[in-house]
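J.: Here the working numbering runs 6 ahead of the position in the sequence shown, where the first position is 1. Positions of the beta carbon are idealized from the N, C-alpha and C atoms, including for glycine. As the structure is a prediction and not an experimental result, all values here were calculated from the model.
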Amino acid sequence: MRWTFPLALTFLTICPWPRPALARPEELARSMFWFPWVGAILGLVFWAVHLALAQTLPPLPAAGLLLTVTVIVTRGLHLDGLADTLDGLGGGRTPESRLAIMKDSRLGAFGAMALVLVLVLKFAFFSALGAKGKEPMLILFPVLSRWGMVLLAAVSPYARSEGGLGQAMTEGVSLGTVGCATLSSLALTYIVSGIHGLPLLAGAGLLVLLLNRFFRRKLGGITGDALGATNELLEVAVLAGVFLL
Numbered sequence: 007m008r009w010t011f012p013l014a015l016t017f018l019t020i021c022p023w024p025r026p027a028l029a030r031p032e033e034l035a036r037s038m039f040w041f042p043w044v045g046a047i048l049g050l051v052f053w054a055v056h057l058a059l060a061q062t063l064p065p066l067p068a069a070g071l072l073l074t075v076t077v078i079v080t081r082g083l084h085l086d087g088l089a090d091t092l093d094g095l096g097g098g099r100t101p102e103s104r105l106a107i108m109k110d111s112r113l114g115a116f117g118a119m120a121l122v123l124v125l126v127l128k129f130a131f132f133s134a135l136g137a138k139g140k141e142p143m144l145i146l147f148p149v150l151s152r153w154g155m156v157l158l159a160a161v162s163p164y165a166r167s168e169g170g171l172g173q174a175m176t177e178g179v180s181l182g183t184v185g186c187a188t189l190s191s192l193a194l195t196y197i198v199s200g201i202h203g204l205p206l207l208a209g210a211g212l213l214v215l216l217l218n219r220f221f222r223r224k225l226g227g228i229t230g231d232a233l234g235a236t237n238e239l240l241e242v243a244v245l246a247g248v249f250l251l
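Here's what the structure looks like:
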């Protein structure tokens, strides 16, 4: 476990924390224990940035700059996965053809539309959080989205026969890792929002199970790109759910 936290931090963020040059697959799988905690760190950064911007800027420019920060500090990693996944789902007719399209690094029409929609929705939610007094939820939405990736990796098979980054997660994540990540997410949810945030946790878990069924049917399982897409969809879903509490 020595290197698993730095591994999770450098994998999910732009942070250059030193770690072994080549992480073993089992180390990457064990690092998923820390995914909700890295999400909490990201959330604290987003919350602090929002508070600083809200002191000097109107809501819309502040939301735009906050959105920019979220992309920079995560390197757009999961947005890339979202675009690749939607290109594959939109352009392929069989699981094999969809997976082949997802490996193409070029941005297609479906991926571009998905990126625009997700970014516009995040911008809208960010701009409305202050008016509704929901700013602390900026801490929570990255927690639940990163936990969702852990849960999806645990319940889904890996789709590609040739292997890939996601294979280490889907085949190496243990029940103990999932359980600890779930308890961590539960604790963080309660700390941030009390019992009022528990429906968000339950809703995120339900969405993960639905995505598991969807990816199994469309792709035969999941890939690293599908995990990234799940993170982005969960972020939007949790932000939307905040306004229903």
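Roughly how many angstroms separate the alpha carbons of C186 and V149, rounded to a whole number?
T.: If you number the sequence shown from 1, residue 186 lands on position 180. If you number the sequence shown from 1, residue 149 lands on position 143. The straight-line gap from Cα to Cα measures roughly 13 Å.
J.: Between the alpha carbons of A235 and L113, how many angstroms are there, rounded?
T.: Within the sequence shown, the letter at position 229 stands for residue 235. Within the sequence shown, the letter at position 107 stands for residue 113. When rounded, the distance between both Cα atoms is 14 Å.
J.: Just to confirm the assignment: which complete beta strand (DSSP E) runs, minimum length 3, are found wholly within the stretch 112-169?
T.: Fully enclosed beta strand (DSSP E) runs of 3 or longer: not present.
J.: Grouping DSSP H, G and I as helix and E and B as strand, with all else coil, what is I228?
T.: Translated into the one-based positions of the sequence shown, residue 228 becomes position 222. Here I228 sits in strand by DSSP.
J.: Along the chain, where does the alpha helix (DSSP H) that runs through R104 open and close?
T.: Along the sequence shown, one-based indexing puts residue 104 at 98. From DSSP, the alpha helix (DSSP H) with R104 extends over P101 to M108.
J.: L204 to V51, Cα distance in whole Å?
T.: By one-based count along the sequence shown, residue 204 stands at place 198. By one-based count along the sequence shown, residue 51 stands at place 45. C-alpha separation (whole angstroms): 22 Å.
J.: Could you tell me the boundaries of the alpha helix (DSSP H) in which F39 lies?
T.: In the sequence shown, residue 39 corresponds to position 33, counting from 1. Run containing F39: none; DSSP gives neither H nor E here.
J.: Tell me whether K128 is buried or exposed, calling it buried when 16 or more other Cβ atoms sit within 10 Å of its Cβ.
T.: Your numbering for residue 128 matches position 122 in the sequence shown. It is buried - the Cβ of K128 has at least 16 other Cβ atoms within 10 Å.
J.: What number of angstroms, rounded off, separates the C-alpha of A35 from the C-alpha of G172?
T.: By 1-based counting over the sequence shown, the position of residue 35 is 29. By 1-based counting over the sequence shown, the position of residue 172 is 166. About 9 Å.
J.: Would you report the Cα separation of M38 and A174, rounded to the nearest angstrom?
T.: The residue labelled residue 38 in the question sits at position 32 within the sequence shown. The residue labelled residue 174 in the question sits at position 168 within the sequence shown. The straight-line gap from Cα to Cα measures roughly 11 Å.
J.: Under 7 Å Cβ to Cβ from A160, same chain only, skipping five residues before and after it: list those, please.
T.: Numbered from 1 along the sequence shown, position 154 holds the residue referred to as residue 160. The answer, listed in chain order, is V179 and V184.
J.: Considering only the beta carbon of each residue, do G139 and T229 sit closer than 8 Å?
T.: Stepping through the sequence shown from its first residue, residue 139 is reached at position 133. Stepping through the sequence shown from its first residue, residue 229 is reached at position 223. No. Outside cutoff.
J.: State buried or exposed for W40, treating a residue as buried only when at least 16 other CB atoms are found within 10 Å of its CB.
T.: In the sequence shown, the residue the question calls residue 40 occupies position 34. Buried.
J.: Considering L250, what are the terminal residues of the alpha helix (DSSP H) in which it resides?
T.: The residue labelled residue 250 in the question sits at position 244 within the sequence shown. It is not in any alpha helix (DSSP H) - L250 carries neither H nor E in the DSSP assignment.
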